[in-house]
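S.K.:
2 protein chains.
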Amino acid sequence: MISEEEMQLWHRWKGSYKNIFGSVVKDMSEKTGLSEGDFGILDRLDLYGKGKLRQQELADLMDWTKSRLSHHLTRMEKRGLVLREPIETERGVQVIITSVGKSILDDARPVVSLAIREHFLNLLTEKDIESITSLAEKTKTKSSST
Amino acid sequence: MISEEEMQLWHRWKGSYKNIFGSVVKDMSEKTGLSEGDFGILDRLDLYGKGKLRQQELADLMDWTKSRLSHHLTRMEKRGLVLREPIETERGVQVIITSVGKSILDDARPVVSLAIREHFLNLLTEKDIESITSLAEKTKTKSSST
DNA sequence: ACTTTAAGGTTGATGTGTCAACCTAAATAA
DNA sequence: TTATTTAGGTTGACACATCAACCTTAAAGT
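Top to bottom, those sequences are chains A and B. Following the working numbering, the numbering of the first sequence begins with 9 at its first residue and continues without gaps. Following the working numbering, the numbering of the second sequence begins with 9 at its first residue and continues without gaps.
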């Protein structure tokens, strides 16, 4: 069904992703204590909602299920990165970044940028960039994250 | 540190991976009941050891820690896909594929091949292939899996 | 021989993901 | 009005991943 070379290509593609992505996440997590999910959430709260977003909106931006987000927020709340409070005017919950969360986010941004440059951007040629762009076009649904 | 376009590229790259890889894994898991790890383990037992491998060898082939493998094998053993027995001649444990495991693996192979072709190979141009190959070269350590 | 180191595995805790079941209140239908 | 549906969230169970601690036994040093 599939040749040796084709299977190799598949494995190489997966390998590259794991190496690159793993390096970026490792840098971030070691230097800031944030996981990919943590960063993605804090980033969106800051950028899209100047510090606060309704939970379901956040779930949409992250392309996460409400369940996944709920579990994750529970853990983040426990660490003091965000807090949740009910919305009075309508149903739903506001997710709010704490000052601690905001300050950690600010520290994390340059770390993440640097990691992406080092482990990803620096490896790419112009052709690679075109290839990535065209592939993304073909697989488009409406994804997201980090 | 990083421009908008660069960040976009990063997100697109991650998005493509998640879509493609997710589709392949979903097809496999829905049609065969195997996770990526399950398949990788059964595949290696079958190909590299004609049905049996020492646990540490398997861990090396998978590029997994012994802990990760130990936990995973415990679950697979519970499902009757593999079994473990101590090696008499030396220290260590033999991991052996069961007949059930072997038969599921045989059913899974074409499913996996088809999924890789549909969701991955069919999307690629010649340039994409070159790009993937060259990127893999640059990130090479000694990875693996599925 | 005796001590130390390292190989091969297991285990428990915790973080992360997914799925299905559930709850409450708002919106819609009757 | 009363019943039904649905939006918004939570929860519990379980699979998966990582980390650190631990155990046992073979190998190496002394």
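Using N, Cα and C, we set each Cβ at its ideal position, and we do this for glycine too.
Count the other CB atoms within 10 Å of the CB of Ser107 (chain B); is the residue buried (16 or more) or exposed (fewer)?
M.R.: The count along the second sequence starts at 1 and reaches residue 107 (chain B) at position 99. Exposed, since its Cβ has fewer than 16 Cβ neighbours within 10 Å.
S.K.: Could you name the residues that DSSP lists as bridge partners for Arg92 (chain B)?
M.R.: Your numbering for residue 92 (chain B) matches position 84 in the second sequence. For Arg92 (chain B), which the question treats as bridged, DSSP gives the partners B:Val103.
S.K.: Listing by chain order, which chain A residues have their CB less than 7 Å from the CB of Tyr25 (chain B)?
M.R.: Here residue 25 (chain B) corresponds to residue number 17 of the second sequence, with the count starting at 1. Neighbours of Tyr25 (chain B) on chain A, chain order: Tyr25.
S.K.: Compute the Euclidean distance between the alpha carbons of Asn27 (chain A) and Thr147 (chain B), then round it to the nearest angstrom.
M.R.: As a working note, residue 27 (chain A) is residue 19 in the first sequence. As a working note, residue 147 (chain B) is residue 139 in the second sequence. Distance between the alpha carbons of Asn27 (chain A) and Thr147 (chain B) is about 7 Å.
S.K.: Let me see if you follow: with CB-CB separation under 8 Å, is Met9 (chain B) close to chain A or not?
M.R.: To locate residue 9 (chain B), count along the second sequence from 1; it is residue 1. Taking Cβ atoms only, chain A reaches closer than 8 Å to Met9 (chain B), which makes this a yes.
S.K.: If you measure between the beta carbons of Val101 (chain B) and Arg87 (chain B), is that distance less than 8 Å?
M.R.: Within the second sequence, numbered from 1, the residue matching residue 101 (chain B) stands at position 93. Within the second sequence, numbered from 1, the residue matching residue 87 (chain B) stands at position 79. Contact flag unset, no.
S.K.: Which residues bound the alpha helix (DSSP H) around Leu77 (chain A)?
M.R.: Here residue 77 (chain A) refers to the residue found at position 69 when the first sequence is read from its first residue. Element bounds for Leu77 (chain A): Lys74 to Lys86.
S.K.: Assign Lys135 (chain B) to one of three DSSP states: helix, strand, or coil.
M.R.: The residue labelled residue 135 (chain B) in the question sits at position 127 within the second sequence. Looking at Lys135 (chain B) - three-state DSSP - the assignment turns out to be helix.
S.K.: Check distances from the C-beta atoms of the region 52 to 74 of chain A to those of chain B and list, in chain order, the residues that come in under 7 Å.
M.R.: none
S.K.: So, does the CB of Ile140 (chain A) fall closer than 8 Å to a CB anywhere in chain B?
M.R.: Position 132 of the first sequence holds residue 140 (chain A). True, the Cβ-Cβ gap to chain B drops below 8 Å.
S.K.: Please classify Ile140 (chain A) as buried or exposed, where buried requires at least 16 other C-beta atoms within 10 Å of its C-beta.
M.R.: Locating residue 140 (chain A) in the first sequence gives position 132, counting from the first residue. The residue is buried, with at least 16 neighbouring Cβ atoms inside 10 Å.
S.K.: Determine whether the beta carbon atoms of Ile105 (chain A) and Leu50 (chain A) lie at a separation below 8 Å.
M.R.: The residue labelled residue 105 (chain A) in the question sits at position 97 within the first sequence. The residue labelled residue 50 (chain A) in the question sits at position 42 within the first sequence. For Ile105 (chain A) and Leu50 (chain A), yes; Cβs fall inside 8 Å.
S.K.: Any idea what DSSP makes of Lys58 (chain B), helix, strand or coil?
M.R.: Here residue 58 (chain B) is taken as the residue at index 50 of the second sequence, counted from 1. Correct three-state label for Lys58 (chain B): coil.
S.K.: Report the neighbours of Ile137 (chain B) on chain A: residues whose CB is nearer than 8 Å to its CB, in chain order.
M.R.: Within the second sequence, numbered from 1, the residue matching residue 137 (chain B) stands at position 129. Chain A residues near Ile137 (chain B): Leu17.
S.K.: Skipping 5 residues on each side, what residues in its chain have a beta carbon closer than 8 Å to that of Val32 (chain A)?
M.R.: Along the first sequence, read from residue 1 onward, the residue named residue 32 (chain A) stands at position 24. The answer, listed in chain order, is Val120, Ala123, Ile124, His127 and Phe128.
S.K.: Among A:Glu138, A:Leu55 and A:Arg62, whose alpha-carbon lies nearest the alpha-carbon of Ser113 (chain A)?
M.R.: What you label residue 113 (chain A) is simply residue 105 of the first sequence in a count that begins at 1. As written in the sequence, residue 113 (chain A) is Leu, which differs from the Ser given in the question. The residue with the shortest Cα to Cα distance from Leu113 (chain A) is A:Leu55.
S.K.: Between the region 116 to 135 of chain B and chain A, which residues of the former have a C-beta closer than 9 Å to a C-beta of the latter?
M.R.: Arg117, Pro118, Val120, Ser121, Leu122, Ile124, Arg125, His127, Phe128, Leu129, Leu131, Leu132, Thr133 and Lys135
S.K.: On a Cα-Cα basis, can you pick out the residue from B:Met70, B:Lys135, B:Arg83 and B:Thr40 that is closest to Asp115 (chain B)?
M.R.: Locating residue 115 (chain B) in the second sequence gives position 107, where the first residue counts as 1. Residue B:Thr40 is the option with its Cα nearest to Asp115 (chain B).
S.K.: Any idea if Ser75 (chain B) is buried or exposed, counting beta-carbon neighbours within 10 angstroms, 16 or more meaning buried?
M.R.: Position 67 of the second sequence, counting from 1, holds the residue named residue 75 (chain B). Result: exposed.
S.K.: Given Val90 (chain A), which residues of its chain have a CB within under 8 Å of its CB, disregarding the five upstream and five downstream residues?
M.R.: The count along the first sequence starts at 1 and reaches residue 90 (chain A) at position 82. Cβ neighbours of Val90 (chain A) beyond the five flanking positions: Ile49, Leu50, Leu53, Leu81, Met84, Val103, Ile104, Ile105, Thr106 and Gly109.
S.K.: Within 8 Å of any Cβ in chain A, is that where the Cβ of Ile6 (chain B) sits?
M.R.: Here chain B has residues from 9 to 154 only, and residue 6 (chain B) is not among them.
S.K.: At the level of alpha carbons, what is the spacing between Leu77 (chain A) and Asp68 (chain A)?
M.R.: On the first sequence, residue 77 (chain A) is found 69 positions in, with the first residue counted as 1. On the first sequence, residue 68 (chain A) is found 60 positions in, with the first residue counted as 1. So the alpha carbons of these two residues sit roughly 10 Å apart.
S.K.: Quick one: does Thr40 (chain B) have its CB under 8 Å from some CB of chain A?
M.R.: Taking the second sequence and counting its residues from 1, one reaches residue 40 (chain B) at position 32. Not one chain A Cβ lies under 8 Å of Thr40 (chain B).
S.K.: Check each candidate in A:Met9, A:Trp21 and A:Glu96 and name the one with the smallest Cα separation from Glu138 (chain B).
M.R.: As a first step, residue 138 (chain B) must be located in the second sequence, where it is residue number 130. Cα-wise, what sits closest to Glu138 (chain B) is A:Trp21.
S.K.: With Ala144 (chain B) and Gly23 (chain A) assumed to form a contact (beta carbons below 8 Å), what rounded beta-carbon distance in angstroms separates them?
M.R.: For the purposes of this step, residue 144 (chain B) is taken as the residue at position 136 of the second sequence. For the purposes of this step, residue 23 (chain A) is taken as the residue at position 15 of the first sequence. With a Cβ gap of about 6 Å, Ala144 (chain B) and Gly23 (chain A) count as contacting.
S.K.: Taking 6 Å as the limit between beta carbons, can you name the residues of its chain near Lys177 (chain B), skipping five residues before and five after?
M.R.: Here chain B has residues from 9 to 154 only, and residue 177 (chain B) is not among them.
S.K.: Cβ closer than 9 Å: which chain B residues qualify as neighbours of Ile28 (chain A)?
M.R.: Numbered from its first residue, the first sequence carries residue 28 (chain A) at position 20. What Ile28 (chain A) touches in chain B: Trp21, Leu143 and Thr147.
S.K.: Note the first and the last residue of the continuous alpha helix (DSSP H) segment covering Asn27 (chain B).
M.R.: Along the second sequence, one-based indexing puts residue 27 (chain B) at 19. Its alpha helix (DSSP H) spans residues Glu12 to Thr40.
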